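Chemist: For the record, the sequence lines run as chains A and B.
0 is the number of the first residue of the first sequence in numbering that gives the first Met the number 0; add one for each residue after it.
0 is the number of the first residue of the second sequence in numbering that gives the first Met the number 0; add one for each residue after it.
Number of protein chains: 2
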Amino acid sequence: MVDHQWVGKRIPRIDSLSKAMGSAKYTNDIFLPHMLHGKILRSPYPHARILNIDKKRAERLKGVKAVITGRDTPGERYGILTEKRDQYLLAIDKVRYIGEEVVAVAALDEETASEALELIKVEYEPLQPVFDPMEAIKEGAPRIHDHAPNNVSVQVLIEHGDVLKGLKESDRILREHFETATLSHCQLEPYVSLASYDPASERLMMWMPHQSPFVKQKGLSNTLKIPLSKIRILRSSIGGAFGGRSEISPADFCAALLSMKSGRPVKIEYLREETFSSTRQKHPWIIDLEMGARKDGTLSLLKINIVADGGAYQSTGHIAISVPYAMLESTYRIPNIRYEAIRAYTNNPIRGAMKGHGVQQLYFAIESSLDMLAEELDLDPLEIRLKNIVQEGEKLRSGSRVKSCGLRDCLIQSAEEGRFQSKWRHPSKNRGVGIGCCSMINGYNMGFRTGSTAYIKFNEEGEAILFTGTTDNGQGNESMMVQIASEELGMSIEDINLISADTELSPLDPGSYSMSTTFISANAVKAASLDAKGRLIDLASEVLEANPIDIELGNKSAFIKGTPSKAIPIKDLIKRAYEKGKPVLGGGYFRPELGFKGGWIKNGKERGQITGTYSFGAAVAEVEVDRETGIVKVLKAFAAQDCGFAINPMAVEGQIDGSVLFCLGQAISEEIVMNGGQVLNANFLDYKIPVASDIPEINPIIIERRDPDGPYGAKEAAEALGIAMLPAIANAIANATGIRIKSLPITPEKIAEFIRVKNN
Amino acid sequence: MVDHQWVGKRIPRIDSLSKAMGSAKYTNDIFLPHMLHGKILRSPYPHARILNIDKKRAERLKGVKAVITGRDTPGERYGILTEKRDQYLLAIDKVRYIGEEVVAVAALDEETASEALELIKVEYEPLQPVFDPMEAIKEGAPRIHDHAPNNVSVQVLIEHGDVLKGLKESDRILREHFETATLSHCQLEPYVSLASYDPASERLMMWMPHQSPFVKQKGLSNTLKIPLSKIRILRSSIGGAFGGRSEISPADFCAALLSMKSGRPVKIEYLREETFSSTRQKHPWIIDLEMGARKDGTLSLLKINIVADGGAYQSTGHIAISVPYAMLESTYRIPNIRYEAIRAYTNNPIRGAMKGHGVQQLYFAIESSLDMLAEELDLDPLEIRLKNIVQEGEKLRSGSRVKSCGLRDCLIQSAEEGRFQSKWRHPSKNRGVGIGCCSMINGYNMGFRTGSTAYIKFNEEGEAILFTGTTDNGQGNESMMVQIASEELGMSIEDINLISADTELSPLDPGSYSMSTTFISANAVKAASLDAKGRLIDLASEVLEANPIDIELGNKSAFIKGTPSKAIPIKDLIKRAYEKGKPVLGGGYFRPELGFKGGWIKNGKERGQITGTYSFGAAVAEVEVDRETGIVKVLKAFAAQDCGFAINPMAVEGQIDGSVLFCLGQAISEEIVMNGGQVLNANFLDYKIPVASDIPEINPIIIERRDPDGPYGAKEAAEALGIAMLPAIANAIANATGIRIKSLPITPEKIAEFIRVKNN
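1) Can you grab the Cα-Cα spacing for the pair residue 130 of chain B / residue 640 of chain B, in whole Å?
2) How would you write the range of the alpha helix (DSSP H) that residue 452 of chain B sits in, first residue to last?
3) Which runs of the alpha helix (DSSP H) spanning at least 4 residues fall entirely within the segment 44-100 of chain B, listed in chain order?
4) If contact means a Cβ-Cβ distance below 9 Å, which residues of the segment 564-586 of chain A contact chain B?
5) Evaluate contact between the segment 216-223 of chain A and the segment 301-314 of chain A, counting only Cβ atoms and requiring at least three cross-stretch pairs below 8 Å.
6) Between the C-alpha atoms of residue 390 of chain A and residue 404 of chain A, what's the straight-line distance to the nearest angstrom?
7) Can you tell me whether residue 186 of chain A is helix, strand or coil according to DSSP?
8) As a quick exercise: from B/241, B/745, B/560 and B/759, pick the residue whose alpha carbon is nearest that of residue 363 of chain B.
9) Please tell me whether residue 480 of chain A and residue 470 of chain A are closer than 7 Å, where the distance is taken between their beta carbons.
10) What is the DSSP secondary structure of residue 125 of chain A, reduced to helix, strand or coil?
11) Give the secondary structure of residue 120 of chain B by DSSP, where H, G and I count as helix, E and B as strand, and everything else as coil.
12) I'd like to know if the segment 255-270 of chain A and the segment 57-65 of chain A are in contact, where contact means that at least 3 CB-CB pairs between them fall below 8 Å.
13) Among all the DSSP beta bridges, which residues are the ones paired with residue 568 of chain A?
14) Quick one: residues in its chain with C-beta nearer than 6 Å to the C-beta of residue 194 of chain A, no 5 flanking neighbours on either side, listed in chain order?
15) What does the alpha-carbon distance come out to for the pair residue 516 of chain B and residue 401 of chain A?
16) How would you call residue 174 of chain A, buried or exposed, if buried means at least 16 neighbouring beta carbons within 10 angstroms?
17) When you compare the CB positions of residue 12 of chain A and residue 485 of chain A, do they come within less than 7 Å of one another, or not?
18) My output table needs one value for residue 756 of chain A: the three-state DSSP class, helix, strand or coil.
19) Are there 16 or more other CB atoms within 10 angstroms of the CB of residue 703 of chain B, so buried, or fewer, so exposed?
20) Of all the options A/157, A/354, A/530 and A/388, which has the alpha carbon lying nearest to the alpha carbon of residue 366 of chain A?
21) On the three-pair Cβ rule with 8 Å, is the segment 48-60 of chain B touching the segment 106-124 of chain B?
22) Can you give me the Cβ contacts of residue 570 of chain B inside the same chain, cut-off strictly under 8 Å, excluding the 5 residues immediately before and after it?
23) Distance check for residue 669 of chain B and residue 693 of chain B, CA to CA, integer angstroms please.
24) Tell me, please, which residues DSSP counts as bridged to residue 214 of chain B.
25) For residue 699 of chain A, does the three-state DSSP call read helix, strand or coil?
26) Give me the chain A residues within the contact set of residue 450 of chain B, using Cβ-Cβ distance strictly less than 9 Å, ordered along the chain.
27) Can the beta-carbon of residue 285 of chain B be found closer than 7 Å to that of residue 306 of chain B?
28) When DSSP labels each residue in this structure, what does residue 662 of chain B get in the three-state scheme?
29) Identify every residue that forms a DSSP beta bridge with residue 25 of chain A.
30) When you check each C-beta in the segment 356-387 of chain A against every C-beta of chain B, which residues fall closer than 7 Å?
31) Mind checking which residues open and close the beta strand (DSSP E) that includes residue 409 of chain B?
32) Could you spell out where the beta strand (DSSP E) holding residue 253 of chain B opens and where it closes?
33) What residues in its chain sit with their C-beta under 7 Å from that of residue 44 of chain B, if we drop five residues either side in the sequence?
34) Our contact map puts residue 184 of chain A next to residue 353 of chain A with C-beta atoms below 8 Å; I'd like the distance itself, whole angstroms only.
35) Where does the unbroken beta strand (DSSP E) through residue 737 of chain A begin, and where does it stop?
36) Taking buried to mean at least 16 other C-beta atoms within 10 Å of its own C-beta, is residue 156 of chain B buried or exposed?
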């Protein structure tokens with residue numbers, strides 16, 4: 000094993016100090032001269048026709064500089080999936096949910112903008128709404144989109160093997176029904192978009208939280224009908240994404256259009272209420288499954304029917320209901336499988352991408368069922384999982400190869416450290432343990448942006464400047480890139496400046512999607528570093544009259560291995576390169592070999608390699624349940640993640656902590672409560688995310704099953720775990736109480752009610 | 000001759016619209032949150048010892064956030080020439096001129112900052128000052144710097160041939176005395192510096208007008224003792240430089256140190272008065288010369304003694320008195336020459352670089368003397384010049400080769416168009432004509448920054464982003480770079496975005512010094528464009544199955560010459576490159592072959608090639624003089640510049656216009672009036688730059704003597720002319736009046752006085 004100086008080390012993130020001291024610039028910290036404040040008027044109806052909009056009085060209000068409606072937009076529809084674009088920049092003909100954007104205003108200050116909204120008269124003709132996805136897909140339900148009969152937004156059917164054969168071969172068959180909740184990402188940074196349009200150069204500059212500046216740039220170019228070269232997305236610090244910053248937002252359109260109309264910069268900041276109701280939410284799923292196994296616990300059948308409530312528009316719905324299948328086949332070997340999913344349009348807020356993107360919903364059902372099945376077969380939950388998990392080197396039904404797999408180690412180590420098997424067999428009073436596991440793709444086909452590029456240049460002192468398109472939403476991506484350049488260039492991270500997430504300055508990158516940053520973007524940075532390193536060593540070998548293979552880089556110098564005295568400063572090599580007429584610029588590119596060229600999985604056909612590689616996670620939870628109140632306290636979490644190699648163990652642990660808490664909230668407290676299309680708990684008092692006092696003892700377990708293609712063997716960290724932990728908690732509650740709650744979140748009310756019923 | 004699509008064309012500059020519409024961002028247009036305003040307390044004494052500074056009361060004033068004196072600086076001295084660093088960031092022991100920086104303050108607003116200055120008590124012990132450079136270099140004069148006996152700041156002696164031999168060979172010898180004035184650059188943008196220091200990352204960001212961000216970065220790093228990687232100079236629009244933005248400024252130090260002390264951004268904007276007295280001024284020269292020639296007008300001798308008043312500090316003084324020699328030898332062939340120059344320290348404001356950098360002063364004397372000599376020899380001014388000018392291909396005494404030379408064409412065409420010879424022989428009443436010429440170096444040894452690098456990347460649409468370190472002070476450099484990339488990539492200038500003048504983003508560049516931008520930086524951009532073009536054509540040749548040499552780029556596509564139908568969009572080539580795993584990045588570098596490795600010319604030793612190439616200019620002026628008032632009206636200017644090739648004729652003409660007016664002011668009206676070290680006319684009412692009504696009919700003449708190494712044959716535009724025009728006006732006044740005024744400016748008072756004396 001090579002001995003590393005920078006990677007694999009516990010290093011404080013390069014952004015932590017500036018965030019702790021408050022000097023990090025989030026979009027809302029950016030103020031431009033003559034900047035206006037924008038506000039958006041939203042639909043009060045879940046489903047209505049727009050008859051007329053009167054904005055005259057608002058336009059006349061002193062301090063108002065621009066007012067726009069759908070008629071002031073290019074009239075384009077937008078959406079991730081070209082063939083399913085269904086949402087206008089601002090509502091034109093109809094509104095389809097409470098909170099939909101209808102009119103936008105820019106004024107000298109927020110108060111004036113708010114006042115202007117009150118002066119706008121919108122006439123609506125209310126239409127029959129539908130909120131229940133099961134109702135929505137029935138014949139004769141109110142039609143939300145002309146293009147979608149029965150309100151079917153997307154439908155997916157994937158079949159492998161033969162379910163009838165599977166039925167015959169199964170000694171035990173479980174039939175269950177599960178439901179999951181609607182959730183909000185709850186990024187601590189409310190959505191904010193700042194646009195600055197220069198009428199002279201006809202260029203638009205924008206700042207906002209995102210997962211890729213290039214996705215924003217392209218989307219805005221398409222919908223605003225502005226050439227790509229005239230739109231620049233600039234870097235700002237980002238206060239969390241969790242999938243919720245994937246798409247272009249109406250706030251982006253409105254800020255841009257208002258700036259173009261007023262000729263002044265415009266900032267729109269969402270209130271927390273708007274962030275809850277009018278940014279994307281997590282799909283609630285209704286799941287019916289049949290799971291079959293042989294006596295020995297070998298899985299023989301999985302038949303699963305999913306109806307997901309997609310809300311008013313398409314968003315990333317096709318991914319949300321199709322991609323989870325990929326995590327199913329890469330975790331468990333199931334010979335006969337039928338996976339059917341329908342995403343229904345309803346008049347609820349729009350559901351899109353959220354950390355896990357459908358997989359949590361699926362795995363709540365799968366992992367709960369596995370435990371129930373195990374019990375019937377008198378196996379313990381660990382045994383049944385170990386018997387059925389995918390192995391390293393295995394080729395999956397989709398055609399993907401599992402090149403590296405530490406799933407078994409994840410399961411065994413989390414179980415051992417959590418003393419799972421003994422505790423599970425003998426749950427002490429009110430206490431119980433549960434286990435879960437999962438896998439995760441690393442990178443996906445993104446067309447133009449499937450690969451990542453990086454460059455490194457040097458200043459006169461031989462210090463480096465690294466260019467990457469990577470976006471850091473808080474995971475520590477930026478630090479990781481600098482660490483890798485430090486490792487290869489033998490420089491302190493202090494000596495490397497980073498230029499990232501700027502469409503004008505950064506080379507193309509997939510962005511922080513599909514867990515590709517470590518596997519793909521970091522590989523590109525490593526390649527660029529090695530390229531620069533090679534050039535420096537060649538230059539040094541001339542000066543030091545040594546064979547390149549005998550030369551190393553360290554302390555801003557190149558030196559002969561073993562004899563650091565025979566050294567030359569990188570600064571001098573840089574100068575030498577200038578004098579030789581070929582300045583040093585390191586360039587690197589990485590693109591995973593994907594057989595899968597299509598956009599998304601619609602059916603069971605073999606597609607070849609669909610992802611760069613797979614990462615894995617397993618979790619054991621220990622809980623205590625108060626039988627009177629039903630209150631659940633998660634006491635301990637043993638969280639194992641196979642990240643291939645931990646480039647910064649501290650950062651990986653941070654990701655593990657975050658994933659544990661993300662699951663904790665989903666498992667026992669988080670839920671958006673709706674009534675008639677209206678969000679009832681759009682604040683942090685009524686929508687309960689875990690707080691400090693809820694945090695359990697978290698025991699992170701880093702499994703390093705090096706991937707042959709990952710940078711230093713590294714893969715995605717803690718998203719696989721971020722799924723496994725949720726069912727682990729659900730299973731622990733069942734183990735503690737003997738009660739199996741099949742709908743999320745598992746609230747005190749549900750538990751107390753069950754106990755009451757059971758005791759009577 | 001190749002037919003060009005973009006270069007050689009009259010194209011409006013890419014920055015003109017944003018400047019006309021007011022959206023261009025000059026440093027003073029940048030406002031940062033929590034920004035403070037800085038002010039500087041200056042010395043009221045020309046020469047004094049600082050006994051004590053009491054800043055307590057200022058620090059206690061509400062709204063004051065930081066106060067610094069020389070003791071709060073790292074105590075470094077700064078200066079262009081390492082061995083002659085003589086100026087503290089803020090005065091510590093002594094002050095040496097009226098206006099020297101003593102204390103700096105940052106407060107919430109300008110008013111409070113000004114109030115704070117009044118509360119600072121500085122105790123001085125006045126010392127004997129000296130203002131006259133001839134006095135200053137005498138034994139026993141007050142000593143201004145401990146390191147400089149007799150107040151000699153720099154001394155240069157260059158000898159070629161044998162002046163005694165020259166004396167013998169001369170049939171006529173002229174002995175004359177000339178004096179030139181102290182001038183201000185009068186950039187319309189007063190000096191302003193904005194610093195933003197982040198205590199968390201310990202990084203300093205700065206914006207200010209400059210001629211190279213890298214020079215500012217390095218100078219600040221050295222003097223503030225901050226690593227280069229922690230200082231970033233960012234681009235802002237610049238309102239003129241003319242050599243006056245060459246050096247780091249006390250405003251930069253103060254803004255930086257105040258920001259570091261207060262932890263908030265600090266902006267310091269100079270008043271026009273401060274710009275006059277406390278930024279660099281142009282050296283006034285006292286010149287004694289002996290010029291000898293044979294009967295036929297062949298020059299045989301030049302003996303020249305210069306004493307320049309350098310003011311209180313070194314600044315760029317060594318260049319100011321040495322570099323003019325280079326323009327002497329590259330314009331006229333003089334076998335025996337002795338060039339001696341002394342720069343004296345005085346207690347006047349600091350004299351540094353200004354457009355022409357000493358050459359105007361020298362050429363006022365040379366060209367005036369040539370005319371006088373011609374008269375004695377009964378030759379006309381054109382004849383004597385044509386007889387003695389340097390020829391193409393000639394090797395100069397310094398060892399430099401003149402690779403391209405259009406000087407003869409410049410002289411003949413300006414003379415013909417101005418009907419010089421006939422008008423000169425028969426001056427009509429009160430009217431006269433004059434001629435002058437000069438040469439100019441293109442690039443100089445700048446060590447690390449002698450060469451320039453450029454890069455080009457592409458976005459998903461195949462539009463280009465060009466990275467260059469070039470600075471644009473108003474000449475049109477940015478437009479030139481984009482034009483060249485357009486030419487080579489067959490794209491509209493609209494499709495190319497420019498990233499320039501940012502130390503973090505831009506590759507190294509010499510900056511806008513020594514007239515190197517066209518010859519060096521534009522060559523690098525051309526090389527980068529050709530590199531990208533080659534990659535694109537290789538990719539296209541695979542797709543189009545054609546020989547690369549048969550493929551052209553145009554309209555964002557690659558196509559087969561002659562058959563534009565067989566084409567593929569660049570966008571697709573870019574994507575193809577990604578798929579092949581090697582994204583397209585064009586890189587280019589250019590560095591002139593210089594034999595001259597030393598820092599500056601101290602003596603006559605042969606140094607080899609001292610510059611990339613030489614450009615040339617000649618001018619004819621026609622003036623009318625009112626014999627009563629002595630008022631001179633310049634009627635016509637015929638201004639010829641050999642720029643090799645005009646990349647944008649409109650921009651070259653703009654430069655010619657500017658140069659003509661620059662000379663016009665120097666010739667007849669501009670002069671800083673001093674009394675006891677105090678500037679008496681530090682405003683645009685009393686310091687008279689030409690206004691609209693002063694502008695003559697300007698006839699620009701572009702001579703295109705293509706240089707073998709220049710981009711498309713291009714060289715510097717209009718600086719050579721910007722010297723020639725000054726003596727042309729002086730000579731025209733002499734021709735009109737029969738009076739030879741030998742001190743600048745040639746004011747009405749001087750003329751009227753001479754006429755009065757003559758008529759009595």
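All residues carry an ideal CB built from backbone N, CA and C; glycine is no exception.
Predicted, not measured: the structure shown is a model, and the values here were computed from it.
Modeler: To lay it out plainly:
1) Residue 130 of chain B sits at position 131 when you count from the first residue of the second sequence. Residue 640 of chain B sits at position 641 when you count from the first residue of the second sequence. Computed Cα separation, rounded: 38 Å.
2) The residue you call residue 452 of chain B lines up with position 453 of the second sequence. That residue, residue 452 of chain B, is in no alpha helix (DSSP H); its beta strand (DSSP E) goes 451-457.
3) 55-59
4) 573, 574, 577, 578, 580, 581, 582, 584 and 586
5) no
6) To locate residue 390 of chain A, count along the first sequence from 1; it is residue 391. To locate residue 404 of chain A, count along the first sequence from 1; it is residue 405. Roughly 7 Å between the two C-alpha positions.
7) Residue numbering aside, residue 186 of chain A sits at position 187 when the first sequence is read from its first letter. Coil, per DSSP.
8) Locating residue 363 of chain B in the second sequence gives position 364, where the first residue counts as 1. Of the candidates B/241, B/745, B/560 and B/759, the one whose C-alpha sits nearest the C-alpha of residue 363 of chain B is B/745.
9) Locating residue 480 of chain A in the first sequence gives position 481, where the first residue counts as 1. Locating residue 470 of chain A in the first sequence gives position 471, where the first residue counts as 1. Going by C-beta atoms, residue 480 of chain A is not nearer than 7 Å to residue 470 of chain A.
10) Taking the first sequence and counting its residues from 1, one reaches residue 125 of chain A at position 126. Correct three-state label for residue 125 of chain A: strand.
11) The count along the second sequence starts at 1 and reaches residue 120 of chain B at position 121. Correct three-state label for residue 120 of chain B: strand.
12) These segments touch.
13) By 1-based counting over the first sequence, the position of residue 568 of chain A is 569. Residue 568 of chain A pairs with A/556.
14) For this step, residue 194 of chain A is matched to residue 195 along the first sequence. These residues qualify, in order along the chain: 205, 254, 255, 258 and 265.
15) For this step, residue 516 of chain B is matched to residue 517 along the second sequence. For this step, residue 401 of chain A is matched to residue 402 along the first sequence. When rounded, the distance between both Cα atoms is 55 Å.
16) Within the first sequence, the letter at position 175 stands for residue 174 of chain A. Counting Cβ neighbours within 10 Å, residue 174 of chain A comes out exposed, since fewer than 16 surround it.
17) Stepping through the first sequence from its first residue, residue 12 of chain A is reached at position 13. Stepping through the first sequence from its first residue, residue 485 of chain A is reached at position 486. No.
18) Numbered from 1 along the first sequence, position 757 holds the residue referred to as residue 756 of chain A. Helix, per DSSP.
19) Residue mapping note: residue 703 of chain B aligns to position 704 of the second sequence, counting from 1. Residue 703 of chain B is buried by the Cβ-count criterion.
20) Within the first sequence, residue 366 of chain A is the residue found at index 367, counting from 1. Comparing C-alpha distances from residue 366 of chain A to each of A/157, A/354, A/530 and A/388 shows the shortest one belongs to A/388.
21) yes
22) Within the second sequence, residue 570 of chain B is the residue found at index 571, counting from 1. Here the set comprises 459, 460, 461 and 555.
23) Along the second sequence, read from residue 1 onward, the residue named residue 693 of chain B stands at position 694. Along the second sequence, read from residue 1 onward, the residue named residue 669 of chain B stands at position 670. For residue 693 of chain B and residue 669 of chain B, the distance between alpha carbons rounds to 13 Å.
24) Within the second sequence, residue 214 of chain B is the residue found at index 215, counting from 1. The partner list for residue 214 of chain B (beta bridge, DSSP) is empty, contrary to what the question assumes.
25) Start at 1 with the first residue of the first sequence, and residue 699 of chain A comes out as number 700. Strand, per DSSP.
26) Here residue 450 of chain B refers to the residue found at position 451 of the second sequence. Residues of chain A passing the Cβ test: 577, 578, 580 and 582.
27) Here residue 285 of chain B refers to the residue found at position 286 when the second sequence is read from its first residue. Here residue 306 of chain B refers to the residue found at position 307 when the second sequence is read from its first residue. Yes; because the gap between Cβ atoms is below 7 Å, this pair is in contact.
28) As a working note, residue 662 of chain B is residue 663 in the second sequence. DSSP places residue 662 of chain B in helix when its eight states are reduced to three.
29) The residue labelled residue 25 of chain A in the question sits at position 26 within the first sequence. Residue 25 of chain A has A/236 as its beta-bridge partners, per DSSP.
30) none
31) Here residue 409 of chain B corresponds to residue number 410 of the second sequence, with the count starting at 1. Counting along the chain, residue 409 of chain B falls outside any beta strand (DSSP E), though it belongs to the alpha helix (DSSP H) covering 406-416.
32) Counted from its first residue, the second sequence places residue 253 of chain B at position 254. Note, residue 253 of chain B: premise wrong, no beta strand (DSSP E); alpha helix (DSSP H) at 249-261.
33) As a first step, residue 44 of chain B is located in the second sequence; it is residue number 45 there, counting from the start. Closer than 7 Å at Cβ, skipping near neighbours: 94, 97, 123 and 125.
34) On the first sequence, position 185 is the one that residue 184 of chain A refers to. On the first sequence, position 354 is the one that residue 353 of chain A refers to. Going by Cβ atoms, the distance from residue 184 of chain A to residue 353 of chain A rounds to 6 Å, so yes, they are a contact pair.
35) Your numbering for residue 737 of chain A matches position 738 in the first sequence. Where residue 737 of chain A is concerned, there is no enclosing beta strand (DSSP E), given that its DSSP letter is neither H nor E.
36) Numbered from 1 along the second sequence, position 157 holds the residue referred to as residue 156 of chain B. Looking at its Cβ environment, which holds fewer than 16 other Cβ atoms inside 10 Å, residue 156 of chain B is exposed.
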